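Have a look at the structure below before the remarks.
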Amino acid sequence: MLTSPQPQRLDAGHAVEAEPSQVAEGWIERLCRWLCELAIVSMMVMVAAEVVLRNLFGVSLQSADELGGYLLVAVSFLSLSTCFVSGAFHKVEFIDNRLGERGHALRKLIFDAIALAFSLLLLWQLLRLVLRSFDGGDFAATILGTPLWIPQAIMPLGTAALCTSLIRAIRADIRWLGAANRRSHGQ
0 MLTSPQPQRL DAGHAVEAEP SQVAEGWIER LCRWLCELAI VSMMVMVAAE VVLRNLFGVS
60 LQSADELGGY LLVAVSFLSL STCFVSGAFH KVEFIDNRLG ERGHALRKLI FDAIALAFSL
120 LLLWQLLRLV LRSFDGGDFA ATILGTPLWI PQAIMPLGTA ALCTSLIRAI RADIRWLGAA
180 NRRSHGQ
């Protein structure tokens with residue numbers, strides 16, 4: 000689904016239209032966003048509990064650092080698709096401003112295709128990592144002794160969500176490029 004162009008504010012204060020091929024947040028991105036929000040709230044609760052327990056009772060949770068690290072990795076990977084569809088990644092706008100609509104659409108299509116190729120490569124390697132940890136019976140050398148495949152499994156899930164968002168964006172890019180070509184030929 001495409002979003003309708005809406006004005007956005009740039010740092011320079013110029014109002015610009017959103018790209019016609021910008022995809023809307025779907026259920027996958029929404030689920031990833033909710034999981035990120037849950038992870039962040041969980042980290043806040045753990046840190047607050049650790050502070051209260053240490054200062055008032057002289058006791059530590061002992062595993063807050065480990066769990067916080069796992070949650071931080073989860074937020075990092077699960078937020079990829081949400082950040083992509085919301086346009087939060089860096090853009091080189093001075094190049095886009097010099098391109099016409101067709102050039103802009105083509106540049107976006109090429110960039111999204113390259114990003115998908117690298118994301119698929121990352122997904123493949125992350126799946127190999129998780130399977131190796133699972134098959135090898137790897138555990139964290141910590142007090143919890145967490146089987147490493149459990150926190151590692153979040154990484155390919157977040158990357159797969161990004162790949163899904165990129166595929167949706169590429170489909171929208173192709174439609175945008177076709178429409179730009181028709182407009183430039185006066186059809």
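Each residue of the sequence shown is one higher than the last, beginning at 0 in numbering that gives the first Met the number 0. Ideal Cβ placement from N, Cα and C applies to all residues, glycine included. All values derive from a computational prediction rather than experimental measurement.
{"Check": "Quick one: grab the DSSP three-state call for V58.", "Outcome": "coil"}
{"Check": "Counting along the chain, where does the alpha helix (DSSP H) carrying R53 start and finish?", "Outcome": "Taken as a continuous stretch (DSSP letters only), R53 belongs to no alpha helix (DSSP H), as it is neither H nor E."}
{"Check": "Just to confirm, is the Cβ distance from I39 to V84 under 9 angstroms?", "Outcome": "no"}
{"Check": "Name the DSSP bridge partner or partners of P146?", "Outcome": "F138"}
{"Check": "Taking the Cβ atom as the reference point for each residue, do D134 and L147 lie within a distance shorter than 9 angstroms?", "Outcome": "no"}
{"Check": "Cα separation between W123 and L71?", "Outcome": "22 angstroms"}
{"Check": "Can you check which of these residues, E65, M43, T163, L105, is closest to E24 by C-alpha distance?", "Outcome": "T163"}
{"Check": "How is the alpha helix (DSSP H) around A160 delimited, first residue to last?", "Outcome": "153 to 183"}
{"Check": "With H, G and I counted as helix, E and B as strand and the rest as coil, what does DSSP make of V22?", "Outcome": "strand"}
{"Check": "Alpha carbon to alpha carbon, how far is E36 from A47?", "Outcome": "17 angstroms"}
{"Check": "With G67 as the anchor, note down where its alpha helix (DSSP H) starts and where it stops.", "Outcome": "63 to 84"}
{"Check": "Which residues in the same chain as L119 place their Cβ atom closer than 7 angstroms to its Cβ, once the five residues preceding and following it in sequence are excluded?", "Outcome": "C162"}
{"Check": "Quick one: is G99 buried, meaning 16 or more other Cβ sit within 10 Å of its Cβ, or exposed?", "Outcome": "exposed"}
{"Check": "Where does K107 sit, in a helix, a strand or coil, going by DSSP?", "Outcome": "helix"}
{"Check": "Once you ignore the five residues that flank C31 on each side, which residues in its own chain have a CB closer than 6 angstroms to its CB?", "Outcome": "L77, S80, T81, A160"}
{"Check": "With 16 other CB atoms within 10 Å as the buried threshold, where does R167 fall?", "Outcome": "buried"}
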